[in-house]
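Protein sequence lines, in the order shown, are assigned to chains A and B.
Residue numbers for the first sequence follow the working numbering, beginning at 3 and rising by one.
Residue numbers for the second sequence follow the working numbering, beginning at 6 and rising by one.
Beta carbons are placed, not taken as given, at the ideal position from N, Cα and C, and that holds for glycine.
These notes are about the structure you will find just below.
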Amino acid sequence: SQQGEEDPQALSIQEGENATMNCSYKTSINNLQWYRQNSGRGLVHLILIRSNEREKHSGRLRVTLDTSKKSSSLLITASRAADTASYFCATAAQAGTALIFGKGTTLSVSS
Amino acid sequence: GAVVSQHPSRVICKSGTSVKIECRSLDFQATTMFWYRQFPKQSLMLMATSNEGSKATYEQGVEKDKFLINHASLTLSTLTVTSAHPEDSSFYICSARGGRQGAGGTEAFFGQGTRLTVV
Numbered sequence: 003s004q005q006g007e008e009d010p011q012a013l014s015i016q017e018g019e020n021a022t023m024n025c026s027y028k029t030s031i032n033n034l035q036w037y038r039q040n041s042g043r044g045l046v047h048l049i050l051i052r053s054n055e056r057e058k059h060s061g062r063l064r065v066t067l068d069t070s071k072k073s074s075s076l077l078i079t080a081s082r083a084a085d086t087a088s089y090f091c092a093t094a095a096q097a098g099t100a101l102i103f104g105k106g107t108t109l110s111v112s113s
Numbered sequence: 006g007a008v009v010s011q012h013p014s015r016v017i018c019k020s021g022t023s024v025k026i027e028c029r030s031l032d033f034q035a036t037t038m039f040w041y042r043q044f045p046k047q048s049l050m051l052m053a054t055s056n057e058g059s060k061a062t063y064e065q066g067v068e069k070d071k072f073l074i075n076h077a078s079l080t081l082s083t084l085t086v087t088s089a090h091p092e093d094s095s096f097y098i099c100s101a102r103g104g105r106q107g108a109g110g111t112e113a114f115f116g117q118g119t120r121l122t123v124v
């Protein structure tokens, strides 16, 4: 069963703009992870945030987690055409258990 | 991060035949492997969880007799799609847990995926 719901489903922006994607989930989690997937390819792990963390940064990525609202957001700053991809959040109920993926956000960055 | 190799990356087979997909952890022992399926423009759906040396646990709605999973060693799990039909055409992705950090590592490492087309 799917845990997360991403919002928006699709996002189109210009290079240099920021992109924000949101993810909501239903049950308690140990951690939440964000992945990128280029068309027809495998997954690239972007960032992991644990349930006791509220914010995490990695390069141009900023992830927040609000466990009271069961939601997370992924912010990509100064987007590039190469950021064009689908982005998925995935949650693990406990450390090491299967990741359950959200429906994803398709991001299109035009130059 | 740890490396998970999935093979083949693409396969085309005829209806009624079986296809085997391999998932290998190259530099760590994977005590648990997960298999996902992804239809076009959709998300990844967990199919089953396999622990080395024991039977796989299948998600609701996944036919265990159709999708045979074997996890006979700590570095190899296989998914066999039996009597494949065109509706089985999909992208299949494995992930492995174990990791250099020790048992119970949190990050899941994914294979590159296998695009199966049944004609």
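In terms of CA proximity to B/Met52, A/Ala100 leads the group A/Asn24, A/Leu34, A/Thr29, A/Ala100.
Taking 9 angstroms as the cut-off, the beta carbon of A/Gly61 is found no closer than this to the beta carbon of A/Ser88.
A buried status is given to B/Ser95, since no fewer than 16 other beta-carbon atoms sit within 10 Å of its beta-carbon. In the three-state DSSP reduction, B/Asp32 falls in the coil class, being neither helix nor strand. For a Cβ distance threshold of 7 angstroms, nothing in chain B lies close to A/Leu67: the least Cβ distance comes to about 14 angstroms. Taking 9 angstroms as the cut-off, the Cβ atoms of B/Ser20 and B/Val123 count as close. A/Ala94 belongs to the set of residues whose beta carbon lies under 9 angstroms from a beta carbon in chain B.
Within its own chain, the residues whose Cβ lies closer than 6 angstroms to the Cβ of B/Arg15, once the five positions on either side in sequence are excluded, are Arg120, listed in chain order. Membership of A/Leu101 in any beta strand (DSSP E) is not indicated, and neither H nor E is assigned to it by DSSP. DSSP places A/Asp68 within a strand segment (E or B) once states are collapsed to three.
Assignment of B/Ala101 by DSSP, reduced to helix, strand and coil, places it in the strand class. Only Leu50, Arg52 from the stretch 49 to 79 of chain A bring a Cβ to less than 9 angstroms from some Cβ of chain B.
Asn32, Asn33, Gln35, Tyr37, Gln39: these are the residues of the stretch 12 to 39 of chain A whose beta carbon lies less than 9 angstroms from some beta carbon of chain B, given in chain order. Sorting A/Ser14, A/Thr22, A/Thr29, A/Asn20 by C-alpha distance to the C-alpha of A/Phe103 places A/Thr29 at the top.
Taking 9 angstroms as the CB threshold, A/Ala100 lines the interface with chain B. Within the same chain, Cβ atoms closer than 7 angstroms to the Cβ of B/Ile17 are found at Thr122, Val124, the five residues on either side in sequence being excluded. Under the three-state reduction of DSSP output, B/Glu27 falls in the strand class.
Annotated three-state conformation of B/Glu92 is helix, per DSSP.
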